[in-house]
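These notes are about the structure you will find just below.
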Ligand code: PRX
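In full-length UniProt numbering, the protein residues as written are 1 to 629.
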């Protein structure tokens with residue numbers, strides 16, 4: 001079996017105003033791509049020189065399949081590029097972060113202000129015994145301190161592992177233990193839909209089985225301030241107050257780890273994706289600047305939480321390395337009403353807006369009248385990430401948010417890639433439904449199982465053929481799992497997505513090829529949800545699949561067999577949903593639970609989710625020769 005199949009392709013295209021091309025950082029995609037292909041090392045060398053390095057590299061890259069090193073022996077610190085580089089320039093008093101809370105509260109930090117906060121907190125972490133190479137877990141709401149905490153870790157060479165505030169205690173504990181984090185940074189609460197999410201309480205529950213954690217830093221937001229446990233907890237503000245103001249950036253080797261970020265795997269526990277300092281800095285700086293075409297006066301809003309890779313690369317490191325003004329907003333896109341984002345765009349003069357298709361589809365549902373109430377004329381570039389931007393959502397976004405004037409950059413990439421890999425560069429023709437072409441800097445293909453390119457119009461596996469600077473370096477403490485990325489299809493990095501190219505080389509992403517489900521842009525592993533279900537007393541076995549959903553892209557459907565003597569009585573489904581929510585958090589809760597007598601399995605006992613999915617959707621299940629009787 002080659003794994004390929006025929007796909008019918010859309011033909012529509014939009015051409016942006018030629019002025020975009022004329023002024024873009026990459027004014028001619030084709031030429032830039034050719035320049036890259038002629039001499040990839042020279043291409044990346046030139047970009048890396050736009051950043052500040054403490055010591056030069058000997059070689060741009062060293063590729064020893066499947067291990068890459070970039071900017072070999074180069075010395076740097078990413079925070080020097082995000083902060084020091086700007087405070088010694090005219091950007092010193094430029095807003096770096098503009099934060100809005102759910103109730104409309106605003107906080108602004110200039111580059112100088114952010115620099116000072118980061119240095120104080122970095123010294124605070126040092127006073128807790130955190131040093132280079134130590135792991136620090138950050139479990140915070142979307143507040144400026146979350147960004148400060150990440151940068152403070154990077155400043156002193158500590159490796160951060162940010163865990164999204166929507167995760168529950170078991171998911172948090174697993175991540176803390178896998179990384180062996182010494183310190184946890186959290187907050188008493190986050191705010192969501194007018195309610196306080198008790199992060200510290202959830203963290204406390206996680207901490208009952210995380211022996212590695214020595215200290216917990218708590219940002220206290222609520223009034224009256226919660227009492228802290230003096231044996232283990234430290235107040236965020238006290239720690240900063242008592243810390244020395246200056247903290248020079250630690251000298252990091254380009255290949256030293258910068259952070260670990262967990263992502264769902266197709267089997268077993270989530271994987272700790274490891275990113276390194278130098279290549280990641282160069283890759284995110286370059287793609288932020290060129291793919292969004294960030295100019296000095298732009299106001300940049302990426303709606304992702306820094307708990308996901310999109311937040312790491314395009315809320316924190318990329319845009320700050322470029323030196324732009326970054327908007328961060330705590331809350332949800334439809335609270336207090338579905339116009340809240342457009343109100344913010346108008347109010348803050350946002351010029352570049354980057355969000356997920358699931359949000360766009362939600363806005364479409366609420367109706368055109370919401371964006372129509374606001375002046376969105378400051379917008380000049382729109383971005384999308386996380387799942388396929390279907391043509392209907394593209395059209396709506398393009399017309400109702402972008403006024404038919406703004407290029408839409410649909411960016412395909414992953415936690416593992418660290419940076420954008422495919423998009424339609426500003427100024428190029430956009431094709432609804434297609435993410436676009438590989439950025440200058442990436443070599444991408446659609447292939448069969450053997451790695452042979454498939455012709456246009458034929459679906460296959462999306463692969464990356466050459467290493468790129470911001471690529472993952474390994475899976476934390478699980479190098480074997482890392483190697484499978486490069487060993488599944490000969491000679492290529494396998495993304496795990498299905499895709500198709502058209503005659504012009506535009507790539508359409510068709511979805512995951514494996515047991516991952518993208519729910520509202522969040523990557524959920526079937527294995528994690530299944531094991532949460534099975535940990536409930538009533539459940540014998542569980543299998544979960546993604547079921548297409550007009551709003552969320554996919555929702556989770558669980559098939560459950562119950563233990564002998566248990567019947568699916570009243571309220572069991574609600575009880576199981578609560579159980580999953582409590583363990584993994586709201587993102588992983590099944591929308592539907594069906595009770596079955598048995599699950600389809602292979603003769604070797606592996607659950608065949610593919611068969612369940614085919615049955616659910618009424619489609620052909622493909623090869624079922626391994627299905628047990
Ligand atoms: O299936 C692809 C989908 O999201 C997966 C990566 O998820 P994660 O590591 O959580 O990172 C999400 C944000 C970068 C991919 O394997 N995906 C991401 N961007 C797109 C996409 N699918 C289609 N179009 C995109 N633009």
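Glycine residues also receive a C-beta, built at the ideal position from the N, C-alpha and C atoms. From a predicted model like this one, the values you see are computed outputs, not experimental measurements.
**Request:** Use the C-beta contact count for residue 551: other C-beta atoms within 10 angstroms, 16 or more gives buried, fewer gives exposed.
**Result:** As a working mapping, residue 551 is identified with position 551 in the chain shown. It counts as exposed.
**Prompt:** Any idea if residue 215 is buried or exposed, counting beta-carbon neighbours within 10 angstroms, 16 or more meaning buried?
**Reply:** By 1-based counting over the chain shown, the position of residue 215 is 215. Buried, because 16 or more other Cβ atoms sit within 10 Å of the Cβ of residue 215.
**Prompt:** Any residues whose CB sits closer than 7 Å to a heavy atom of the ligand PRX? List them in chain order?
**Reply:** 263, 308, 309, 310, 384, 385, 386, 387, 388, 389, 410, 411, 412, 413, 414, 415, 416, 435, 495, 496, 497, 509, 511, 512, 518, 521, 522, 523
**Request:** Kindly provide the ranges of any beta strand (DSSP E) runs that are 3 or more residues long and lie completely inside the stretch 171-232, ordered along the chain.
**Result:** 183-187, 190-192, 195-197, 215-219
**Prompt:** How big is the Cα-Cα spacing for residue 571 and residue 593?
**Reply:** As a position in the chain shown, residue 571 is number 571, starting the count at 1. As a position in the chain shown, residue 593 is number 593, starting the count at 1. Taking the straight line from one Cα to the other gives about 12 Å.
**Asked** Which runs of the beta strand (DSSP E) fall wholly inside the stretch 79-114 and span at least 3 residues, in chain order?
**Response** 95-100, 106-110
**Request:** Take residue 491 and list the residues in its own chain whose beta-carbon comes closer than 8 Å to its own, dropping the five residues that flank it on each side.
**Result:** On the chain shown, residue 491 is found 491 positions in, with the first residue counted as 1. If we look at residue 491 and ignore the five residues flanking it on each side, its Cβ neighbours are 65, 451, 465.
**Asked** Is there contact here, the stretch 231-240 with the stretch 28-40, by at least three beta-carbon pairs under 8 Å?
**Response** no
**Prompt:** Can you find at least 3 beta carbon pairs, one from the stretch 170-178 and one from the stretch 311-328, that sit closer than 8 Å?
**Reply:** no
**Message:** For the beta strand (DSSP E) containing residue 271, name the first residue and the last one.
**Reply:** On the chain shown, residue 271 is found 271 positions in, with the first residue counted as 1. Run containing residue 271: 271-276, per the beta strand (DSSP E) assignment.
**Request:** Just mark residue 662 as buried or exposed, buried being the case when its beta carbon has 16 or more other beta carbons within 10 Å.
**Result:** The question about residue 662 has no answer, for the chain in this structure spans 1 to 629.
**Message:** By DSSP's criteria, residue 436 is part of a beta bridge. Which residues make up the other side?
**Reply:** In the chain shown, counting from the first residue as 1, residue 436 sits at position 436. According to DSSP, residue 436 bridges with 507.
**Prompt:** From what residue to what residue does the beta strand (DSSP E) around residue 516 run?
**Reply:** Counting from one through the chain shown, the residue named residue 516 turns up at place 516. Residues 516-519.
**Asked** To the nearest angstrom, how far is it from the Cα of residue 194 to the Cα of residue 331?
**Response** The residue given as residue 194 occupies position 194 in the chain shown. The residue given as residue 331 occupies position 331 in the chain shown. Looking at the two C-alpha atoms, the distance is approximately 9 Å.
**Item:** Cα-Cα separation between residue 485 and residue 67, rounded to whole angstroms
**Value:** As a position in the chain shown, residue 485 is number 485, starting the count at 1. As a position in the chain shown, residue 67 is number 67, starting the count at 1. Taking the straight line from one Cα to the other gives about 11 Å.
**Item:** Assigned exposure category for residue 5 - 16 Cβ within 10 Å defines buried
**Value:** One-based indexing of the chain shown puts residue 5 at position 5. That one is exposed.
**Request:** Taking residue 460 as part of the beta strand (DSSP E), name the residues at either end of that continuous run.
**Result:** Within the chain shown, residue 460 is the residue found at index 460, counting from 1. 458-464 is the extent of the beta strand (DSSP E) around residue 460.
**Asked** How many whole angstroms separate the CB atoms of residue 150 and residue 138, which I take to be in contact at a CB cut-off of 8 Å?
**Response** In the chain shown, residue 150 corresponds to position 150, counting from 1. In the chain shown, residue 138 corresponds to position 138, counting from 1. With a Cβ gap of about 6 Å, residue 150 and residue 138 count as contacting.
**Item:** Span of the beta strand (DSSP E) around residue 522
**Value:** Stepping through the chain shown from its first residue, residue 522 is reached at position 522. 522-525 is the span of the beta strand (DSSP E), which, as asked, contains residue 522.
**Item:** Short Cβ contact (8 Å threshold) for residue 262 with residue 271
**Value:** Taking the chain shown and counting its residues from 1, one reaches residue 262 at position 262. Taking the chain shown and counting its residues from 1, one reaches residue 271 at position 271. Yes; because the gap between Cβ atoms is below 8 Å, this pair is in contact.
**Request:** Specify whether the stretch 562-577 and the stretch 367-387 touch according to this definition: at least 3 beta carbon pairs, one from each stretch, less than 8 Å apart.
**Result:** no
**Message:** Taking the straight line between their C-alpha atoms, what separation do you get for residue 128 and residue 427?
**Reply:** Counted from its first residue, the chain shown places residue 128 at position 128. Counted from its first residue, the chain shown places residue 427 at position 427. The alpha-carbon atoms of residue 128 and residue 427 are separated by roughly 49 Å.
**Request:** Please classify residue 308: does DSSP put it in a helix, a strand, or coil?
**Result:** Mapped onto the chain shown, residue 308 falls at position 308. It is coil, neither helix nor strand.
**Item:** Residue range of the unbroken beta strand (DSSP E) whose run includes residue 595
**Value:** Residue 595 sits at position 595 when you count from the first residue of the chain shown. Taken as a continuous stretch (DSSP letters only), the beta strand (DSSP E) holding residue 595 covers 592-595.
**Request:** Please name the residue in 506, 387, 379, 347 whose C-alpha comes closest to that of residue 360.
**Result:** For the purposes of this step, residue 360 is taken as residue 360 along the chain shown, with counting starting at 1. That would be 387, whose Cα lies nearest to the Cα of residue 360.
**Message:** Just verifying my parser: in three-state terms, what is the DSSP assignment at residue 377?
**Reply:** Numbered from its first residue, the chain shown carries residue 377 at position 377. DSSP places residue 377 in coil when its eight states are reduced to three.
**Message:** Does residue 399 pass the burial test, meaning 16 or more other C-beta atoms within 10 Å, or should it be called exposed?
**Reply:** Along the chain shown, one-based indexing puts residue 399 at 399. Flag for residue 399 reads exposed.
**C-beta contact flag for residue 527 and residue 542 at 8 Å** = In the chain shown, the residue the question calls residue 527 occupies position 527. In the chain shown, the residue the question calls residue 542 occupies position 542. For residue 527 and residue 542, no; Cβs fall outside 8 Å.
**Request:** Run the CB neighbour count on residue 63, radius 10 Å, all protein chains shown included, and call it buried at 16 or more, exposed below.
**Result:** Within the chain shown, the letter at position 63 stands for residue 63. Under this definition residue 63 is an exposed residue.
**Item:** DSSP-derived helix/strand/coil call for residue 139
**Value:** Locating residue 139 in the chain shown gives position 139, counting from the first residue. Reduced to three states, the DSSP call for residue 139 is strand.
**Item:** Residues near residue 630 in its chain [Cβ-Cβ closer than 7 Å; skip 5 each side]
**Value:** Here the chain has residues from 1 to 629 only, and residue 630 is not among them.
**residue 324 beta carbon less than 8 Å from that of residue 305** = Taking the first residue of the chain shown as 1, we reach residue 305 at position 305. Taking the first residue of the chain shown as 1, we reach residue 324 at position 324. In this structure, residue 324 does not lie closer than 8 Å to residue 305 by Cβ.
**Own chain, CB closer than 6 Å to residue 280, minus 5 neighbours either side, in chain order** = The residue labelled residue 280 in the question sits at position 280 within the chain shown. The residues are 258, 418, 470.
**Asked** Does DSSP put residue 616 in a helix, a strand or coil?
**Response** Numbered from its first residue, the chain shown carries residue 616 at position 616. Residue 616 falls in the helix class under three-state DSSP.
**Request:** Quick one: grab the DSSP three-state call for residue 350.
**Result:** What you label residue 350 is simply residue 350 of the chain shown in a count that begins at 1. Coil.
**Request:** Measure the alpha-carbon distance for residue 52 versus residue 34 and round it to whole angstroms.
**Result:** Numbered from 1 along the chain shown, position 52 holds the residue referred to as residue 52. Numbered from 1 along the chain shown, position 34 holds the residue referred to as residue 34. Between residue 52 and residue 34, the C-alpha separation is close to 27 Å.
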